[in-house]
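Residue numbers (full-length UniProt numbering): 1 to 100.
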């Protein structure tokens, strides 16, 4: 009976993921066309918390500028935010405060 309950909970979590409505509509053709896109990316005072752990500040006032064609390395200890920065760049999440 315990395994059935655990399986049911796991299945519900997956179904919740399928039902999730993203904050960004990637399929939309509406929006502003970028006429002078340079391929630069800037984090400006970016703060981030994961929705599942709102009390844990993962990034705090991140300032990072990546120029077009520039190669960078994200180096640091486990849990310092390297993967989070990549996930923000890929738009898996949006910054909580600040700009990207």
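Backbone N, C-alpha and C fix where the C-beta goes; we use that ideal spot for every residue, glycine too. This one's a predicted model, so the numbers in the text were calculated from it and none came from an experiment.
Next on the checklist: Counting only beta-carbon separations shorter than 9 Å, does residue 57 have a partner in chain D?
Outcome noted: Here there is only one protein chain, and chain D is not present.
Checklist entry - Whose C-beta lies closer than 8 Å to the C-beta of residue 61 among residues of the same chain, with five residues either side of it excluded? => result 45, 46, 47 and 98
Item to check | Cβ shell of residue 64 (< 6 Å), same chain only, five flanking positions each side left out | outcome: 43
Checklist entry - DSSP beta-bridge partners for residue 46? => result 62
Item to check | Local Cβ density within 10 Å of residue 88, reported as buried at 16 or more and exposed below that | outcome: buried
Next on the checklist: Under 8 Å, with one C-beta from each stretch per pair, do the region 3–14 and the region 23–34 reach the 3-pair mark?
Outcome noted: no
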